[in-house]
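My numbering puts the sequence shown at residues 12 to 217. Note that beta-carbon positions come from the ideal geometry of N, C-alpha and C, so glycine has one too.
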Amino acid sequence: MQIAIIDYDAGNTKSVSKALDFIGIENTITAVKKTILEADGIILPGVGAFPQAMAALEERDLIAVLQEAVAHGKPLLGVCLGMQLLLDSSEEFGYTQGLGLIPGHAKLLPDTAKIPHMGWNQLEVKQNSPLTRDQDGNFVYYVHSYYAVCDAKYVMASSDYSVEIPGIIANENVYGAQFHPEKSGQAGLEILQGFKEVITCASSQQ
12 MQIAIIDYDA GNTKSVSKAL DFIGIENTIT AVKKTILEAD GIILPGVGAF PQAMAALEER
72 DLIAVLQEAV AHGKPLLGVC LGMQLLLDSS EEFGYTQGLG LIPGHAKLLP DTAKIPHMGW
132 NQLEVKQNSP LTRDQDGNFV YYVHSYYAVC DAKYVMASSD YSVEIPGIIA NENVYGAQFH
192 PEKSGQAGLE ILQGFKEVIT CASSQQ
């Protein structure tokens with residue numbers, strides 16, 4: 012199994028790679044179309060601002076590559092800002108179109124919440140999946156100021172932070188984690204193992 016970690020100068024690629032190395036999943040940090048399309052699964056990490064991240068993906072011709080990979084059934088996991096990029100759009104610094112892989116919109120946290128949402132928060136599992144198995148009540152590490160607003164059918168797990176924060180979202184073979192699995196201790200490693208299970212299942216069906 013080989014996971015392609017998308018390299019577009021807007022993600023914490025090395026820490027994600029180290030986490031995958033730790034649990035024995037082969038991975039490569041890349042922006043090469045052929046490598047991405049030939050990988051068994053894809054992780055899209057992300058830090059920083061939504062508009063700049065989308066611009067970086069466009070500059071490297073990666074938007075169409077990611078959409079093509081997903082259309083062919085390849086599992087994709089977005090992490091932190093990478094999760095928000097999976098949505099239709101964001102209001103960060105004005106309206107910016109996203110990848111459109113999970114219906115929804117990234118919105119600034121309300122005034123009732125301390126911004127940014129930084130630190131450990133508890134997951135409440137809403138739907139069963141390999142990524143949410145045995146995760147109910149576990150704590151994961153968040154760092155973000157915007158959150159996903161989407162239909163409940165796409166929310167696999169959430170955390171309470173004045174509002175309900177979708178922690179894990181999914182739409183068919185596309186998954187997103189608002190928190191950082193690679194910084195979330197054993198719980199985060201188990202979630203990455205769950206993504207490996209998703210990839211194994213997808214590969215067996217091709």
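Asked, Found
"Can you grab the Cα-Cα spacing for the pair Asp-171 / Asn-132, in whole Å?", "8 Å"
"Excluding the 5 residues preceding and the 5 following Ile-34 in the sequence, name in chain order all residues of the same chain whose CB lies nearer than 7 Å to its CB.", "Leu-200, Leu-203 and Gln-204"
"Where do the N-terminal and C-terminal ends of the alpha helix (DSSP H) with Asp-32 fall, by residue?", "24-33"
"Would you kindly work out how many angstroms separate the C-alpha atoms of Gly-52 and Ile-210, rounded to a whole number?", "6 Å"
"In three-state DSSP terms, what is Val-76?", "helix"
"Please determine whether the Cβ atom of Ser-28 lies at a distance below 6 Å from any heavy atom of the ligand FAD.", "Questions concerning the ligand FAD fall outside what the structure shown contains, since it holds no ligand whatsoever."
"So what does DSSP say about Thr-143, is it helix, strand or coil?", "coil"
"Comparing alpha-carbon positions, which option in Leu-48, Cys-91 and Lys-164 lies nearest Ala-15?", "Leu-48"
"With a floor of 4 residues, list each alpha helix (DSSP H) that falls wholly inside the segment 81-166, ordered by position along the chain.", "92-96"
"What number of angstroms, rounded off, separates the C-alpha of Leu-77 from the C-alpha of His-191?", "21 Å"
"If you draw a straight line from the C-alpha of Asp-72 to the C-alpha of Val-43, how long is it?", "10 Å"
"For Thr-39, which residues does DSSP report across the bridge?", "Ala-15"
"Looking only at its own chain, which residues have a Cβ that is under 6 Å from the Cβ of Phe-150, when we skip the five neighbours before and after it?", "Trp-131 and Gln-133"
"Can you tell me which of Gly-148, Glu-183 and Asn-182 puts its alpha carbon nearest to the alpha carbon of Ser-169?", "Gly-148"
"Work out the CA separation of Ser-156 and Gln-216 for me, nearest whole Å.", "38 Å"
"Work out the CA separation of Val-154 and Lys-125 for me, nearest whole Å.", "12 Å"
"Check whether the Cβ atoms of Ala-75 and Gln-95 sit closer than 7 Å, and answer yes or no.", "no"
"With a 10 Å radius around its C-beta and 16 neighbouring C-beta atoms as the bar for buried, classify Cys-218 as buried or exposed.", "It is not possible to answer for residue 218, since the shown part of the chain is limited to 12 through 217."
"Would DSSP call Ala-64 helix, strand or coil?", "helix"
"Which residue comes first and which comes last in the alpha helix (DSSP H) that contains Ala-50?", "That residue, Ala-50, is in no alpha helix (DSSP H); it is neither H nor E in DSSP."
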